[in-house]
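A.B. asks: Same order as they appear, the protein sequences are chains A and B. Mapped onto the numbering used here, the consecutive letters of the first sequence carry residue numbers 1 to 420. Mapped onto the numbering used here, the consecutive letters of the second sequence carry residue numbers 1001 to 1541. Here a beta-carbon is modelled for each residue, glycine too, at the ideal position from N, C-alpha and C. Bear in mind the structure is a predicted one, so any value in this text is a computation, not a measurement.
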Amino acid sequence: MLSRRSFLKKSALALVAGATIPSVFPRGVAVAAERGSLAPSPRRILIIVQLKGGNDGLNTIVPYTDDSYYDLRGDLALTPDQVIPLNDELGFHPNLSAIAPLWDFGNLAIVQGTGYPYPSYSHFVAMDYWERSRTPDGVKGLIGSGSGWLGKYLEQLDPTTIGAVPAMNIGSKLAPELASRKVPISTVRSLNNYQLQKDRRYRAISETRLDTLHALYKTPNNNPDMDQLLGGAFQAALDGSIAVQEAHAAYTPAVTYPDTNLAEDLLLLAEGIHFNQDLKVGHVAIGGFDTHANQLAEHGVLLLEFSEAVAAFWADIAAHGHQDEVVIMTWSEFGRRPDSNASGGTDHGSAGPIFLFGNQVIGGLYGEPASLTNLDKKNLKFTTDFRSVYATVLEKWLGAPADDILHGRFEPIPLIATNT
Amino acid sequence: MTPSQENHTDQSAGSPSSITRRQLIKGATALGLSAAVLGPLLAACTRVENTMTVTPVPTFPPTPAATPIPAPTFAPRPSPTATFQPTATPAPVSQPTATPFPTPVPKAATIFEADTSNLTDRQKVSHVLRRAGFGYSKSDLDRAESIGLKATINELVDFESVDDSALTKRIGDAGLDFELRSELRRWWFLRMAYTKRPLPEKIALFWHGILTSGLTKVGDNYAMIDQNNLLKDRGMGSYNELLKEIGRDPAMLIWLDSRLNKKKAPNENYARELMELFTLSPGYYTEEDVRESARAFTGWGTKGQKDKGIHFLFRTGQHDNGTKVFLGEEGNFDGDDVVDIILRQPQAARFITTKLWEFFAYTDPEPRIIDHLSEVFITSDYVIRDVVRALLQMPDFYSQKAYRTQIKSPIDLVVQTVRAMGFDDNGKRFTRVPDAMGQTLFDPPDVAGWPGGEAWINSSSMLQRANFANSVALWMSQINSEGVSLPDRDELMNLLLDGVPDPAMEAALDYFEAETKGEDSFGIQRAILYLFLAGPALQRG
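Take a look at the structure:
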């Protein structure tokens, strides 16, 4: 097997980044220091990768020298020789090797122990908190409708210049973070289906038919809410389907993407990034992180799919010259409980890490890791509010008024190189 | 909870790529080449980029395309006002019915005593047939209008009196192969599309969104069939019994990991979702209640092998016989005790009656509606049928807030269209259609089922809804063969829009007919059918 170092030399990332091979390992922070003077990029795109089901933070970034970790995790613990060290306390899950080069180059920031007060252990309540950036009151979960935090970001942009496809959401339903009535969101489930069929036999009639249908969807019909919902979706469908199809036909990936769903979804975003000048936000999700049972195998497979897909995507967009225009952020509704259950898995927990990738990201570790000895009813106590991470990407990366969007002031983390 | 397969429901569990470094090195090699030609490549990309602007679809003449704010496009018609214009229909004929019509709670007046709805009789029966069933053919609707609302509701609710043998024959003739997952969907599709007893199927669909399980994790077609039968056969009965049954249901035991719930280290998945998603909702129990009730369910497991019959098995040795403190009560509780204790919480009745009202009527019901339905529910000892009967009789069910205000689920859209168009079909061509719109039966996106309502609508599902209309227009032409006329504009208006003038639709059709004057008349008919089915009005029901 290749050593990690020699793998790194051959990796796509080493080639495209055009940088020298790092002589110090790890050296995220050192690289970051050189980065402070990078020119601001004209486009700022945020790509969200959601890890659905509650990713096990402790087996993602492993405290491999902490005895408490081994006491709590037992058979589910990863051993020091398995992990890829980040420093002498923490290491990557071995299946994250594909993204390790991004860490080495200082392109990966890890915010540790993210969470919020009064954590919910319900997937849906917790997701709702993250998606709509709400403050739980500690008593009752409030799942509601309304715009998501990224929907609110899009809503405050100038509607006359926002364009037809400001956001691409890959999946069969709209990600609630992106929910907005005022902004067209393109939800792409599969490329083949993402087009409007015509009546091929009666072409002229079919054209008039489309004009009529389009106009019909713009005609108010006694129910402003429904008119807006249906009319907006139809317009987004019409514009988005043309844009996405044309981009796909014209795009040639610079790398071979892994044969996985996540990679396929990210490829659609790469196409959008390259051809769609209006794109501001992209969203993909990978499910299955709810590892109540058989965790070692299942979690490993998921992290492999995640890291390989992100590495390929990053290499591809870099090869197309967009490396300064994109920041990728991960999130998951909660981490998992430190002690394992009897089914070879872990139950719902609280705090976990957030990853941010990008050329403009100052790589390194941020925030404090959650303590394994000072627990709250068996669960981790968060150390960084997730909304500080949102504030960071909103204010420091997208240049948006974070306080308004997040309903309060959350201190940004200095992990973006430009636009201070 | 369970792996959420939102993006790709066909993703086979545990089979992502096995490629590791090899693949990446391959990519790197490929990139080495492209790096050498990166300059020209990027130049080429830039060239293409310049031509890649989004081409706006030509918009209807009166106004320029204005994205994303919808603007009035058709000249508003002067005549019909916001209220519906009743067509000249006879008053409902009240017929003596075989079964007496019980009014479980005296307080709230029924639609028969206080009709404040403003709907025509045809609108009322069409509404109840859409919501409590899967729509109607022209003859179904005409018949319902003639027997009246009361008799229509009685036939739906007291369905045992209705002969459904034609369905049994159709299912038998369908040649279903239950080894295939898609055949489970065809099986259920045929039942929904062709049963004369639609309410139990509708209730099964309701429960499938709540007491849900998914093939992706369960992995056993027969277990899913059993669960589906349970939801249909017991779904109108006692909620208490249904909850006790679902806790022993093999598909559920797999789906929420109950079978892994052992005395030594309880697995909380089932206990949590029982309270969060099936009975109470967050805020009505504590984390301690989750832990304690998980102990009560320890030992509820399965026996048997996949595809060879999986059954419930109580593993005494894995059951925790200790004392539990749960929702303020203390004792050596087992799973059935937990269900009984939960149902003693006032919130349990409010929770499920709200779910029922939202499924059948509209979201965010007024508290007085839930007060009434909860009372009916508790008085009837938790019988679902009594609540459904009561809600179908409430004047609020026929209010402007309820009438045609729901986004049709993909299943409703497809099955109602099949019924309206009178397709006599084996179901094969329809089975996969709802998948593309975001609803794959037997494979919910996660343990909370489908979010439903407005969440059905996004740009992707919008395209699929329009494309389904295109397919239906084509299939109808094939069935009717050339020269045979498709339903015309007035017939469609009467069938699909309850015969009530729809100014937007009328304006659109006037425009379309003017613009296509002189074109092939069959092509025009086909397009008119498409415009009805693909238009905004029929996305609501």
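Tell me which same chain residues have a C-beta within less than 6 Å of the C-beta of Tyr153(A), skipping the five on either side of it?
C.D. replies: Once the five neighbours on either side are set aside, the close Cβ partners of Tyr153(A) are Ala400 and Ile405.
A.B. asks: What residue ranges within the stretch 1243–1331 of chain B form continuous beta strand (DSSP E) runs of no fewer than 3 residues, ordered along the chain?
C.D. replies: You should have 1300–1303, 1311–1314, 1324–1326 and 1329–1331.
A.B. asks: Since Ser342(A) meets chain B, which of its residues come closer than 9 Å, beta carbon to beta carbon?
C.D. replies: Per the sequence presented here, residue 342(A) reads as Ala, with Ser not at that position. The answer, in chain order, is Leu1260, Asn1261, Lys1262, Lys1263, Lys1264, Ala1265, Pro1266 and Asn1267.
A.B. asks: Report the residues of the stretch 227–246 of chain A with a CB closer than 7 Å to any CB of chain B, ordered along the chain.
C.D. replies: Those would be Asp227, Gln228, Leu229, Leu230, Gly231, Gly232, Ala233, Phe234, Gln235, Ala236, Ala237, Leu238, Asp239, Gly240, Ser241, Ile242, Ala243 and Glu246, in chain order.
A.B. asks: For Ile162(A), tell me which candidate among Asp239(A), Asp66(A) and Lys198(A) has the shortest Cα-Cα distance.
C.D. replies: Per the Cα distances, Asp239(A).
A.B. asks: Tell me which residues share the same chain as Arg1021(B) and place their Cβ nearer than 7 Å to its Cβ, disregarding the 5 neighbours each side in the sequence.
C.D. replies: In this prediction, Arg1021(B) scores a pLDDT of 32, lower than 50, which makes its location untrustworthy; the coordinate-derived value is nonetheless stated afterwards. Closer than 7 Å at the Cβ level, and outside the excluded window around Arg1021(B), lies no residue.
A.B. asks: Hey, out of Ile1210(B), Arg1259(B) and Gly1438(B), whose CA is closest to Ala342(A)'s CA?
C.D. replies: The shortest Cα separation from Ala342(A) among Ile1210(B), Arg1259(B) and Gly1438(B) belongs to Arg1259(B).
A.B. asks: Taking contact to mean 3 or more Cβ pairs, one atom from each stretch, closer than 8 Å, check whether the stretch 1417–1428 of chain B and the stretch 1451–1462 of chain B are in contact.
C.D. replies: Because the criterion of three Cβ pairs below 8 Å is not met, the stretch 1417–1428 of chain B and the stretch 1451–1462 of chain B do not touch.
A.B. asks: Under a Cβ-count criterion, where at least 16 other Cβ atoms within 10 Å of its own Cβ denotes burial, should Phe1360(B) be classed as buried or exposed?
C.D. replies: Phe1360(B) should be labelled buried.
A.B. asks: What does Ile1457(B) touch in chain A if you count any residue whose Cβ is under 7 Å from its own?
C.D. replies: Simply Leu229, Leu230 and Ala233.
A.B. asks: At which residues does the beta strand (DSSP E) containing Leu365(A) begin and terminate?
C.D. replies: Element bounds for Leu365(A): Gly364 to Tyr366.
A.B. asks: Going by DSSP, what residue range makes up the beta strand (DSSP E) through Asn169(A)?
C.D. replies: Asn169(A) -> beta strand (DSSP E) spans Ala167 to Ile170.
A.B. asks: With distances taken from CA atoms, which of Leu1441(B), Pro1410(B), Asp1320(B) and Ile1171(B) is nearest Thr1195(B)?
C.D. replies: When only C-alpha atoms are compared, the closest one is Ile1171(B).
A.B. asks: Does any C-beta atom of chain B lie closer than 9 Å to the C-beta of Arg201(A)?
C.D. replies: Output row for Arg201(A): interface = yes.
A.B. asks: Going along chain B in order, which residues have a C-beta closer than 9 Å to the C-beta of Gln195(A)?
C.D. replies: Ordered by position in chain B, the residues that pass the 9 Å Cβ test against Gln195(A) are Leu1463 and Asn1467.
A.B. asks: What does Gln1539(B) reach in chain A if we use C-beta pairs closer than 7 Å?
C.D. replies: Ordered by position in chain A, the residues that pass the 7 Å Cβ test against Gln1539(B) are Leu230.
A.B. asks: Please report the Cβ distance between Ala263(A) and Glu308(A), rounded to the nearest whole angstrom; I am assuming they are in contact, meaning their Cβ atoms lie under 8 Å.
C.D. replies: Contact flag correct, Cβ pair sits at about 7 Å.
A.B. asks: Could you list which residues in chain B have their beta carbon closer than 9 Å to that of Ile185(A), in chain order?
C.D. replies: Near Ile185(A) (Cβ distances below 9 Å), the residues of chain B are Asn1458 and Ser1459.
A.B. asks: Taking three-plus beta-carbon pairs below 8 Å as touching, is the stretch 1352–1359 of chain B in contact with the stretch 1329–1341 of chain B?
C.D. replies: Not touching, per the Cβ criterion.
A.B. asks: Return no unless some Cβ of chain A is closer than 9 Å to the Cβ of Tyr1398(B).
C.D. replies: No, its Cβ sits nowhere closer than 9 Å to a Cβ of chain A.
A.B. asks: Once the 5 residues before and after Ser1461(B) are set aside, which same chain residues still bring their CB inside 7 Å of it?
C.D. replies: Counting only Cβ-Cβ distances below 7 Å, and skipping sequence neighbours, we find Met1437 and Gly1438.
A.B. asks: Alpha carbon to alpha carbon, how far is Ser388(A) from Leu150(A)?
C.D. replies: Roughly 15 Å between the two C-alpha positions.
A.B. asks: For Phe1101(B), would you say it is in contact with chain A, using Cβ-to-Cβ distances shorter than 9 Å as the test?
C.D. replies: Here Phe1101(B) scores only 43 on pLDDT, less than 50, and its place in the model is too uncertain to base an answer on.
A.B. asks: Are the beta-carbon atoms of Phe382(A) and Pro117(A) separated by less than 9 Å?
C.D. replies: Yes, the Cβ-Cβ distance between Phe382(A) and Pro117(A) is below 9 Å.
A.B. asks: May I ask you to list the residues that DSSP assigns as paired with Arg285(A)?
C.D. replies: It should be pointed out that residue 285(A) corresponds to Ala in this sequence rather than to Arg. Ala285(A) pairs with Gln50(A).
A.B. asks: Cβ closer than 8 Å: which chain A residues qualify as neighbours of Ser1470(B)?
C.D. replies: With the sequence shown as reference, residue 1470(B) is identified as Asn, and Ser is not the correct amino acid for it. The answer, in chain order, is Gln197, Lys198 and Asp199.
A.B. asks: Do you know whose CA, among Phe410(A), Glu411(A), Ala312(A) and Ala417(A), lies nearest Ile99(A)'s CA?
C.D. replies: It is Ala312(A) whose Cα lies nearest to the Cα of Ile99(A).
A.B. asks: Indicate the three-state DSSP secondary structure (helix, strand or coil) for Asp347(A) in the structure shown.
C.D. replies: Looking at Asp347(A) - three-state DSSP - the assignment turns out to be coil, as it is neither helix nor strand.
A.B. asks: Any chance you could list the beta strand (DSSP E) runs of at least 3 consecutive residues sitting entirely within the stretch 76–137 of chain A, in chain order?
C.D. replies: If we require 3 residues or more, the beta strand (DSSP E) runs fully inside the stretch 76–137 of chain A come out as 108–115.
A.B. asks: Quick one: residues in its chain with C-beta nearer than 6 Å to the C-beta of Asn169(A), no 5 flanking neighbours on either side, listed in chain order?
C.D. replies: Same-chain partners within the cutoff: Ala175, Leu178, Ile185, Thr187 and His283.
A.B. asks: From Ser340(A) to Asp71(A), what does the alpha carbon distance come to, in whole angstroms?
C.D. replies: About 10 Å.
A.B. asks: Do you know whose CA, among Pro338(A), Leu398(A), His348(A) and Arg189(A), lies nearest Ala126(A)'s CA?
C.D. replies: Nearest of Pro338(A), Leu398(A), His348(A) and Arg189(A) to Ala126(A), Cα basis: His348(A).
A.B. asks: Would you say His407(A) reaches chain B, if we count a Cβ-Cβ gap shorter than 9 Å as a contact?
C.D. replies: Closer than 9 Å: no.
A.B. asks: Please state whether DSSP places Asn379(A) in a helix, a strand or coil.
C.D. replies: Strand.
A.B. asks: Does the beta-carbon of Gly57(A) have 16 or more other beta-carbons within 10 angstroms, so that it is buried, or is it exposed?
C.D. replies: That one is buried.
A.B. asks: To the nearest angstrom, how far is the alpha carbon of Ser1146(B) from that of Pro1536(B)?
C.D. replies: Between Ser1146(B) and Pro1536(B), the C-alpha separation is close to 29 Å.
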